[in-house]
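What follows is a short report on a single structure.
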Amino acid sequence: MLYRPYRPEDFAALYAIEEACFQPPLRFSRAYMQRLVRSSSAATWVAEDGGQMAGFAILDWTGEADAISAYIQTIEVAPEKRRLRIGSELMQRAEQSARAAGATLIWLHVDAENAGAIRLYEAHGYRREGREANYYPRGRAALVYAKSLPGPRL
Ligand SMILES: CC(C)(COP(=O)(O)OP(=O)(O)OC[C@H]1O[C@@H](n2cnc3c(N)ncnc32)[C@H](O)[C@@H]1OP(=O)(O)O)[C@@H](O)C(=O)NCCC(=O)NCCS
């Protein structure tokens, strides 16, 4: 498995995974996804297996100087490639990008019913910080998870 930064020509394969992972109304639109992957304050990592995209992760960040926080927009693995630690590897690379951007905190929303993703985040040291009712369409609740990122060793 090759892990590498996103390239513009990856978009069709990336969006095909989005379509395999999420049904409307939970699915990100093409336009929203394009904005994310093109943003200068975001990092998109791709997992590639024999030239085929197996998954991706998108992280972005906000804030200034010593108060930068990073946000995991999404981590998605093609259904036939799950439980092979691809999601875990993508998460580690997203965290590297968060550190490189100077973030001291990384956080995310996850569907309260998405038990697999919740397990993944908890296994990576994310702590539940809250719950937002009606965060997703059709009244679905989100859980908020966060993790502190240690600063660089001086
Ligand atoms: C969530 C997702 C990214 C996990 O990717 P993955 O490559 O299968 O995850 P990993 O193989 O790295 O799993 C690592 C650990 O997370 C937990 N985990 C992952 N998926 C799980 C599942 N479906 N059920 C229970 N635990 C799960 C397990 O503890 C697993 O370790 P184990 O396989 O040794 O038991 C993948 O299921 C996916 O793409 N889901 C659809 C999209 C989605 O919901 N993304 C999250 C958006 S917030």
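Residues in the sequence shown are numbered from 1207 upward in steps of one, following this note's numbering.
For every residue, glycine included, the Cβ atom is placed at its ideal position computed from N, Cα and C.
Here the structure is a predicted model, which is why all the values come from computation and not from measurement.
Run the CB neighbour count on residue i, radius 10 Å, all protein chains shown included, and call it buried at 16 or more, exposed below.
i            : result
residue 1303 : buried
residue 1291 : exposed
residue 1293 : buried
residue 1210 : exposed
residue 1314 : buried
Just reading off the beta strand (DSSP E) that residue i is part of, what are its end residues?
i            : result
residue 1322 : Premise fails: residue 1322 lies in the alpha helix (DSSP H), 1321 to 1329, not in any beta strand (DSSP E).
residue 1355 : Residue 1355 -> no beta strand (DSSP E), and no H or E assigned at all.
residue 1339 : 1333 to 1342
residue 1307 : Unbroken run through residue 1307: none, as it is neither H nor E.
Just tell me which of the options has its CA closest to the CA of residue i.
i            : options                   : result
residue 1149 : 1346, 1285, 1343 and 1305 : For the chain, the structure presents residues 1207 to 1360; residue 1149 sits outside this window and is missing.
residue 1242 : 1265, 1299, 1320 and 1258 : 1265
residue 1220 : 1330, 1281 and 1350       : 1281
message = Report the start-end ranges of each beta strand (DSSP E) in the segment 1210 to 1298 that is 3 residues or longer and not cut off at the edges.
response = 1248 to 1255, 1258 to 1268 and 1274 to 1283
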